[in-house]
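One structure is given here, and the rest of the page talks about it.
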Amino acid sequence: MHRALTRANFPWTTFGLIVANVFVFLGLQLGDDGARDRALAYYADANLAQWEFPAYREWLDAHVDSNERAEAFAHFADVGDVATAVQVLQSDPDFVAALEADEVIAPAVAEHAQWRESRREFERLWNSGFTERWMLRYSEFSPPRILGSMFLHGGIGHLLGNMLFLALLGLLVEGALGHGLFLVVYLVGGFGAALASLAWHWGDHGSLVGASGAIAALMGSYCVLWGRRRVRFFWWFFIVFDYVRAPALLLLPFWLGWEVLQLLFSHGSNVAFDAHAGGIVSGALLALGVRLSGRERRDFLDEDARAEAAIDDRAALAKANEHIGRLELHAARALLETLAQRRPDDLEVLVASYRCARYEPGAPRLAAAAAAVFACPARGTVDIRAQKDVFDDATKATGGRINLTPARQIALVARWPAIGEGAAAAALLVGLATKFPALPELPTALLGLAHDLRVRGDAARTKSVLECIIATWPASGEAGKARVLLADAS
19 MHRALTRANF
29 PWTTFGLIVA
39 NVFVFLGLQL
49 GDDGARDRAL
59 AYYADANLAQ
69 WEFPAYREWL
79 DAHVDSNERA
89 EAFAHFADVG
99 DVATAVQVLQ
109 SDPDFVAALE
119 ADEVIAPAVA
129 EHAQWRESRR
139 EFERLWNSGF
149 TERWMLRYSE
159 FSPPRILGSM
169 FLHGGIGHLL
179 GNMLFLALLG
189 LLVEGALGHG
199 LFLVVYLVGG
209 FGAALASLAW
219 HWGDHGSLVG
229 ASGAIAALMG
239 SYCVLWGRRR
249 VRFFWWFFIV
259 FDYVRAPALL
269 LLPFWLGWEV
279 LQLLFSHGSN
289 VAFDAHAGGI
299 VSGALLALGV
309 RLSGRERRDF
319 LDEDARAEAA
329 IDDRAALAKA
339 NEHIGRLELH
349 AARALLETLA
359 QRRPDDLEVL
369 VASYRCARYE
379 PGAPRLAAAA
389 AAVFACPARG
399 TVDIRAQKDV
409 FDDATKATGG
419 RINLTPARQI
429 ALVARWPAIG
439 EGAAAAALLV
449 GLATKFPALP
459 ELPTALLGLA
469 HDLRVRGDAA
479 RTKSVLECII
489 ATWPASGEAG
499 KARVLLADAS
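For what it's worth, our numbering labels the leading residue of the sequence shown as 19, then goes sequentially.
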């Protein structure tokens, strides 16, 4: 999990899916055991086994090529485990369908009406369980069951494991797709996983439940969406393990290969490796379609690369400052020029470039470096302080002949009261008023400075600035405001 969870990237669709899965399990599935027990108890009380067990033995002999199911049923029936034998019988949809169609126990059989009535009641009890109504049966194509089975789970451990991976993958994939498109990929990928499982098991008896096929689709989508972007992941080989950074697409053959390997060699595990493999392929194809249509959210996908680049740039800036400290100016300039191309509005880079220019023999680049610092927008008091320090140093280095237009000086100085440099700001602006009284920005800038000084409690300098405005531009609107402020102060 390499993305911090924030309000901006909160995966609301993922959260909704987790809530839905938890609600289905805790609110709808927990009563299934009771329904199953009631159905099995009724089966025994109605003695349905006397009609159906012999009929099922004959059916198995005539219709089943493999004797695995026949042996299992015979074993449980012979040892008197009626409940398990009934579950084997009920898991055979072909037999149950033939039974319902009166193809196994014909109407001419004695007591057929009694059996039919008892069977109908048993089916009602058996199908009253939520899981039984919605789980996906092998060899039965049912879109409603495919959708419903994505929200069913076989136990609390099954639920918690799936929800953990849904949360982790959802944060990354939903951020890359957006809420609506993520839901489409999740559901369609889940359908693809179910279809793969049906294709693999067609002709078998059994059922499929769980969100893991849809979650596997998110795994495939993740690999394709991130593509060649390098991500950090964990790997292990027996007792050797580590974290490594590699292109996300590299995970696709490993994840898919692992599921296929397990599918071929892990028999009897009760894990739907077929659905996992189908989900990974479905999710990868869906993500490929998203990328080809240009609908992925590249800002989110590139966030890691930007963060890594920022870390690398910080390291390069630190190295450049080390070179400057050792007067290795050529090496420092090479680093700083590269950084300036990538981060033209980074004040720290510009200040370092100024320092490098400051120590060069003859300082041929000093004026341009200082101008770049002053032109950079200040994003807070730290930036204002850095610009003030460069201004003071450049003024000293040039003997007061700093190459900065009056308009730029006004814009720069107007921010100084925020760092407690109101006195310096007042001195410089009053000096400009003396030299360049025709500058249209000056009266407004001085009046703004007077307001700042007044708020900060510097009454003496406030009065001095207001008097300068009145004396220099007596007929201006700013002078009128200055008189009002002076009268209030007195």
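Backbone N, C-alpha and C define an ideal beta-carbon position, used for all residues, glycine too.
Query                                                                                                                                                           : Result
Is Ser230 helix, strand or coil by DSSP?                                                                                                                        : helix
Excluding the 5 residues flanking Leu297 on each side, which residues of the same chain have their C-beta closer than 6 Å to its C-beta?                        : With the sequence shown as reference, residue 297 is identified as Gly, and Leu is not the correct amino acid for it. Cβ neighbours of Gly297 beyond the five flanking positions: Gly207, Ala211, Gly231, Ala234, Ala235.
May I have the straight-line CA-CA distance separating Asn65 from Ala59, to the nearest angstrom?                                                               : 10 Å
Any idea what DSSP makes of Asp260, helix, strand or coil?                                                                                                      : strand
Measure how close the beta-carbons of Leu195 and Val308 come, nearest whole angstrom, since I'm counting them as under 8 Å.                                     : 7 Å
Is the beta carbon of Thr32 closer than 9 Å to that of Phe251?                                                                                                  : no
Does the structure place the segment 145 to 165 close enough to the segment 34 to 52 that three or more beta carbon pairs sit under 8 Å?                        : yes
Tell me where the beta strand (DSSP E) around Val100 begins and ends.                                                                                           : Per DSSP, Val100 belongs to no beta strand (DSSP E); it is in the alpha helix (DSSP H), 100 to 108.
Measure the alpha-carbon distance for Gly118 versus Ala266 and round it to whole angstroms.                                                                     : According to the sequence as given, residue 118 is Glu; it is not Gly. Whole-angstrom Cα-Cα distance: 52 Å.
Judging by CA-CA distance, which residue of Trp30, Glu459, Val502 is the nearest neighbour of His197?                                                           : Trp30
Helix, strand or coil: how does DSSP classify Trp220 here?                                                                                                      : coil
Comparing alpha-carbon positions, which option in Leu353, Ala115, Ala22 lies nearest Leu186?                                                                    : Ala22
Is it right to say Ile257 is buried, meaning 16 or more other beta carbons lie within 10 angstroms of its own, or is it exposed?                                : exposed
Straight-line CA distance for Asp506 to Thr490?                                                                                                                 : 21 Å
Where Tyr261 and Ala302 are concerned, what is the direct C-alpha to C-alpha distance, given to the nearest angstrom?                                           : 24 Å
Could you give the uninterrupted runs of the alpha helix (DSSP H) lying entirely in the segment 232 to 320, keeping only those of 4 residues or more?           : 269 to 283, 291 to 310, 316 to 319
Give the DSSP-derived three-state secondary structure of Arg332 in the structure shown.                                                                         : helix
Where Lys337 and Arg315 are concerned, what is the direct C-alpha to C-alpha distance, given to the nearest angstrom?                                           : 34 Å
Going by alpha carbons, who is nearest to Ile487 out of Ala124, Val100, Ala444, Ala229?                                                                         : Ala444
Report all residues from its chain with a CB closer than 6 Å to the CB of Asn27; omit the five preceding and five following residues, and keep chain order.     : Gly193
In the DSSP assignment, the alpha helix (DSSP H) including Leu66 goes from what residue to what residue?                                                        : No alpha helix (DSSP H) contains Leu66, which DSSP labels as neither H nor E.
Could you work out which residue in Leu274, Gly275, Arg247, Leu270 is closest to Phe318 when comparing CA atoms only?                                           : Arg247
List the residues that DSSP assigns as beta-bridge partners of Leu154.                                                                                          : Leu226
Using a 10 Å radius around the Cβ and a threshold of 16 neighbouring Cβ atoms, would you call Lys406 buried or exposed?                                         : buried
Tell me the DSSP secondary structure of Val391 in three-state form.                                                                                             : helix
Looking only at C-alpha atoms, which of Ala468, Trp434, Val473 sits nearest to Glu485?                                                                          : Ala468
Within 10 Å of its beta-carbon, does Thr480 have 16 or more other beta-carbons around it, so buried, or fewer, so exposed?                                      : buried
Report the residue from Gly498, Lys453, Val473, Ile437 whose alpha carbon sits nearest the alpha carbon of Thr462.                                              : Gly498
Look up Phe91 in the DSSP assignment and say whether it is helix, strand or coil.                                                                               : helix
Going by C-alpha distance, which of Glu129, Phe140, Glu121, Ala116 is nearest Gln105?                                                                           : Phe140
Determine the closest residue to Arg9 out of Ala385, Pro271, Glu321, with distance taken between C-alpha atoms.                                                 : Within the shown structure, residues of the chain are numbered from 19 to 508, placing residue 9 beyond reach of any answer.
I'd like the span of the alpha helix (DSSP H) that includes His176, first residue to last.                                                                      : 174 to 195
For the candidate residues Asp96, Arg151, Asp63, whose alpha-carbon lies nearest to that of Arg509?                                                             : One cannot answer for residue 509 here, as it falls past the ends of the chain, which runs 19 to 508.
I'd like the span of the alpha helix (DSSP H) that includes Asp364, first residue to last.                                                                      : Unbroken run through Asp364: none, as it is neither H nor E.
Enumerate, from N- to C-terminal direction, the unbroken alpha helix (DSSP H) stretches of 4 or more residues contained entirely within the segment 399 to 445. : 399 to 415, 424 to 431
Since Ser300 and Gly238 should fall inside the 8 Å C-beta cutoff, what is the C-beta to C-beta distance between them, to a whole number of angstroms?           : 7 Å
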